[in-house]
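Residue numbers (this note's numbering), protein chains in the order written: chain A, 372 to 926; chain B, 1195 to 1509; chain C, 308 to 594. A virtual CB, placed ideally from N, CA and C, is assigned to each residue, including glycine.
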Amino acid sequence: MSQELLRVERLTIGPRQGGPAIVQDVSFSAAQGEIVALIGESGSGKTTVSLAALGHARRGLAFRAGSVHVDGVDMTRAGREDLRRMRGRIVSYVAQSAAAAFNPAFRLSAQVTEPARLHQSRPRPAALAAAVELYRRFDLPEPERIGERYVHEVSGGQLQRFMLTMAMIEQPRLIVFDEPTSALDPTTQVEVLAAIRAAMRGQRAAAIFVSHDLPVVAQLADRIVVMRRGRVVEQGPARTILETPSQDYTRSLLQALRQRGKDSSPRAAARFPPVLEAKNISVGFGRGDAAVLAVDRVSMAVHPGEIVAVVGESGSGKTTLAHSLVGLHAPLTGGILLDGVALPGRFQLRSRDERRRIQMVFQSADTALNPSHTIGQILGRVLKLYFNMDRQARAARVRELLGLVHLRPEHAQSKPGQLSGGEKQRVNLARALAASPDVLICDEVTSALDTVIADGVMRLIATLCRERRLGIVMICHDLTAVAGLADEVKVMRRGVVVEEGRPDDVFCAPRHPYTRMLISSIPQLRAGWLDEALAARHGLEASKISSLELMDTSE
Amino acid sequence: MVRLVVTRLTGAVAVLLTVSLLVFASGEALPGDVAQLMLGEGASQEAVAQLRQQLQLDRPAPERYLGWLGGMVSGDWGVSYTTRRPISEILPPRLANTALLTVLTVLVAVPVALGLGILMALFAGGRFERSTSVVLLGLSAMPEFMLATLAVLIFAVKLRWLPAISNLSITDGPLEAARALTLPVLTLSLAIAAQIARMTRATLVNLADRPFIEMAHLKGASRLRVILVHSLANAIGPLANVVTLNIAFLISGVVVVETIFAVPGLAQLMINSVSTRDMPVIEACAMIFCCVYVLLLAAADLLGTAFNPRLRRSR
Amino acid sequence: MSTTTAPTGLLGRRLRLRRPSLIAAAAGGILVFWIGAALLVPALLPHSPVDFISDDSFEAPSARTWLGTDYLGRDLLARLISAARSTLLISFLATLGAHLIGDTLGILAALRGGWLAAVLERGAEVMLSLPKLIVGLVVIALVGPSATVLVLVTAGVYAATVFRIARAIALDLVTLDYIRAARLRGESMAWVMFGELLPNMLPLLAADFALRMSFSILFMSNLSFLGLGVQPPMADWGGLVRENLEGLASGSLASVYPTIAIASVTISLNLLVDRWGSRGGAGEMRT
């Protein structure tokens, strides 16, 4: 092992005003050229630890105990001037959202070369030349000129590579990556991961890589530190943690990954006629010639007790499709049928019973539940409106509904703010079930949840679907999450269904190159995944779709 | 951008036309016959009829509105009911005094306020910033006449440094005028500077939570550089907006200050006319104030947008 | 920690109660003091605010008259307290009026959109394009000064501002999925407005109410100070300042006490909102 560069010892961080610590007794270290991954779910304190390596505590937080030595300097105790000398030169930072981390008022090159200017390490032309060199290395288009642009003129994946350049420009000894790819679509994520790997290869710099995504980490990390609720659960060489974890928590994380999307509930033997059908619907924004089609001639049939999964990246039109099914966005052409009878396009024109039978489960439970109502009121309102139940009947049914989604009756008295993310999403689901619907439209219902919890919610939906013969449309960006659950999969890209069929067929023998790329872009735990994904991508370049076109969709 | 300016200015003109209608209508709504009012109870029927014809009161309202509007634009603002003098003679010197008062106030208050706001942002969270905040909040929540009366009590009555009355006239030398204007300008400056300084600080401090400001710190930039370069570049639009808006809001302060210090300005003229119900003068003053106000509001909008960094283009 | 995304827009400045500070306690105390004084004290005072108890104007404070007498030899303390009553009552009624109109129309415009919102927005734009004091002056020139006119004018000039604020807050909320869900399942307009939206707007609207009331006090005090507010022999605080201004030259503080009274209330209201409200402070401009 070469020289130790970073040493975190018994680090404890908590609110300045007092109260329970957010990070407790965390210790780990990194040697030259080593990538250490901090992995954990939201709230585990991993970002707070990583920022401590730059001597930075977010507003309201303070270092309470322990130390973080970078290149011999204790960053938790360094003075303002010492910190200034270290930051950007010895230790640099790559933020999660590049779009927010670049100043909109300045050209990108000026910001990328600012560390060189701040530390007066070399004249501006030399710094610019170094930046251009890095742009080239990270495959940015027009490396000589792209730096002239402003942040709103380049795509998210490109911005992340600019940020990488900014972090590397002073050839620091330690780089902190804070979830650098989690805000990106899978296909873009592959590119940025490749750039990060290219950047770290042959460098003597050490790195901290913060992530919630084990498969991503598996591709890059030499060592893994698993964190939970501010403490280190276990740590060790990456292979050891991934293959023979010693702690139950780590095992449960890995288990959830393997189990993802696998469905255990029995499926209906006979197929019922479709309850909801969409026939050749096109949905657009704007009018006349200026209209842009977000959904282009899509058809689908939803049978009771079956799940239709609609998969695509952001901008593929999948959410617009969901909105048009419930009547939030009327189709320009084509028709929507309920039990074979045509439905009006706009929800205002549909009858109360028609609305009741098609229920939408919204993406984010944070915004889908009124924060000033109790859970009981939220569910009771639906019961009163559709079934005009009296108080007692409502209370009984609310209890029943809460049980259905595995919540306790006491939850009826809570407000959404008092529940966890997973519990809120279950309430969200219960509200849709309160209407006793025939069809559920689920719009990315698990995208804001941690893997283990997301898996539980998905499973619950699948069970409800089979047991209650619900027809379900599952909108999702993550193929693996629906692979084993769905009865039918539709892959959407730019408003068009490019591939559809039974999940096994789509996954095992994808016909459309886009589907192939999408599947290859899903991070896998096995070591060679990133190379395979890159290879699939290069193979694609030879095919009909140009890579430029692909990038364009993914951003 | 050109298109934006054109639409915003068209909007401003539309608003001003609506305002002119309202102002004209309020002149019409005055109870009683204007000619009778001007000549007094004892006037003869013929004299009243003659004046009515002279004032064109016998014409239909829409025609008179157009004539009145044309007069407003061309500088023919009608005749005062009380003094019987053309308003175009009474107004200009008054307007000049008010303009002088306002321009001096802006020149004093704006630089001081911006500087203070930046200092507060730089030392955010410290004792200096917290105590200044409370003082500025107090100042901005005080009525202007409180600042004025306190200023008179201290500087004119107790210390006898400055005159309590600012009866500007052409015969005064520049020194006299400066002495006369010191207290009014000081009062107005305090009121507007407190407001602008608070908003400057708030704008800069709110930016401090943005990821790109955190990034600037993590790159190794000093606090001064973060505020002066990274924050300020994004705050120019909002700040230009705040400054212009506050200049517009000066109007109410000007009314009060001119009354207290007896500055012979436009606002004082308007107040006097309100008590004598001299509608033509009130209408003319109201139209001038509204024009300035509406144009400043439009300018505030445009400045705020013009400096939006997201509109910048590399080519 | 890593994925805490802050909500944007007006609601991003979320209102949060902080630990009570000394300043907030003092500000609250001052408000309670004035409300109590306005409600209870007039009956207890030895002198009536309209009785001439002295032949001297601007008599110095004494055991008989704690604050001295005014320009006509009336007890200043009695006048100050009775003025508190008119000032607080008028500004409260005016603010209430502004909020009843502004909140209802603002929420309605945000929810309905379309031509209704366009008409209301244009109307508010014209109202906001007028300098408030100038509007007050023109209206009073027309109908003459009185307490009723003061309430109506103040409510009128601030209704447009409140409309804008309420609409902006509501617009932030109407795109949220719980409002979408309520409309999708077929709730009535009234329920969406007052059942779903209003409870979530209340903290921000309450803060604006306090702020608006302080602006109302300043606005009506300015009018009264110009002699266009409550008419003699009654007076509000602004009127007291005007009446006794001539005493200033001889060093009498008779016109200073009412200004202090006004400032104590407006500053307290602002401090409370500032402490209670956003960390950024100064979110509102005095308009």
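- Across the structure, A:LEU896 and A:ASP849 are spaced so that their CA atoms are roughly 16 Å apart.
- With contacts defined as CB atoms closer than 8 Å, A:ARG516 and A:VAL462 fail to qualify as a contacting pair.
- Remark: three or more beta-carbon pairs, one from each stretch, lie closer than 8 Å, so the region 556-572 of chain A and the region 513-531 of chain A are flagged as touching.
- As DSSP reads the structure, A:SER468 sits in no beta bridge.
- For the options B:ALA1388, B:ILE1476, B:GLN1239 and B:ILE1348, the alpha carbon positioned closest to that of C:LEU560 is the one of B:ILE1348.
- When the Cα atoms are used, B:SER1220 and C:ALA473 turn out to be separated by approximately 30 Å.
- The beta-bridge partner set that DSSP reports for A:GLN730 consists of A:LEU811.
- Bounds of any beta strand (DSSP E) do not take in A:HIS583, whose DSSP letter is neither H nor E.
- Cα atoms of A:ILE612 and A:GLN606: separation of roughly 7 Å, rounded to the nearest angstrom.
- Under the Cβ criterion of 8 Å, A:SER492 is not counted among the residues facing chain B.
- Using a C-beta cut-off of 8 Å, the region 1258-1272 of chain B makes contact with the region 1205-1220 of chain B, since at least three inter-stretch Cβ pairs fall below that distance.
- Here the region 857-869 of chain A lies against the region 671-686 of chain A, with 3 or more beta-carbon pairs under 8 Å apart.
- Partner residues in the beta bridge of A:MET845, as assigned by DSSP, are A:ALA680 and A:CYS813.
- A:ARG887: member of the alpha helix (DSSP H) spanning 884-892, first to last residue.
- Cβ neighbours of A:VAL588 within its own chain (closer than 8 Å, five residues either side excluded): ALA408, ILE410, PHE580, SER582, ILE595 and ALA609.
- For the region 1303-1389 of chain B, the full-length alpha helix (DSSP H) segments reaching 4 residues or more read 1321-1335 and 1338-1345 along the chain.
- Taking all protein chains in view, the Cβ of A:CYS879 is surrounded by fewer than 16 other Cβ atoms within 10 Å, so the residue is classified as exposed.
- Residues of chain B whose Cβ lies closer than 9 Å to the Cβ of C:SER393 do not exist, since the nearest Cβ in that chain is about 16 Å away.
- Excluding the 5 residues flanking it on each side, B:SER1334 has same chain C-beta neighbours closer than 8 Å at ALA1385, ALA1388, GLN1389 and ARG1392, in chain order.
- For B:MET1409, a Cβ of chain A is located within less than 8 Å of the residue's own Cβ.
- Within 10 angstroms of the beta-carbon of A:ALA906 lie fewer than 16 other beta-carbons, which makes it exposed.
- Counting C-beta atoms within 10 angstroms of its own C-beta, C:ASN551 has 16 or more neighbours from the protein chains shown and is therefore classed as buried.
- Residue contact with chain A for B:SER1325: absent (no Cβ-Cβ distance below 8 Å to any residue of chain A).
- Within the region 588-639 of chain A, the complete beta strand (DSSP E) runs of at least 3 residues fall at 594-599 and 602-608.
- Sequence-distant Cβ neighbours of B:LEU1210 in its own chain, meaning closer than 8 Å and more than five residues away, are CYS1484, CYS1485 and VAL1488.
- One finds nothing in chain A with a Cβ atom closer than 8 Å to the Cβ of B:GLY1498; even the nearest lies about 14 Å away.
- DSSP, read as helix, strand or coil, puts A:GLU412 in coil.
- For A:ALA713, the enclosing beta strand (DSSP E) covers residues 712-714.
- When the five nearest sequence neighbours on each side are left out, the beta carbons in the same chain lying within less than 7 Å of the beta carbon of A:THR745 are those of ALA783, GLN784, SER785 and LYS786, in order along the chain.
- Remark: C-beta atoms of A:GLN630 and A:GLU550 do not approach each other more closely than 8 Å.
- In the DSSP assignment, A:ARG455 falls within the alpha helix (DSSP H) that extends over 451-457.
- Identification of chain C residues near B:THR1343 by a Cβ-Cβ cut-off of 9 Å yields VAL548, LEU552, LEU555, SER562, VAL563 and THR566, ordered along the chain.
- Secondary structure remark: continuous beta strand (DSSP E) runs of at least 3 residues inside the region 502-560 of chain A, in chain order: 545-549.
- In this model, B:LEU1251 and B:ARG1258 are separated by some 8 Å (Cα to Cα).
- For the pair A:PRO702 and C:LEU504, the Cα-to-Cα distance works out to about 29 Å.
- Judged by DSSP in its simplified three-state form, A:ASN651 adopts strand.
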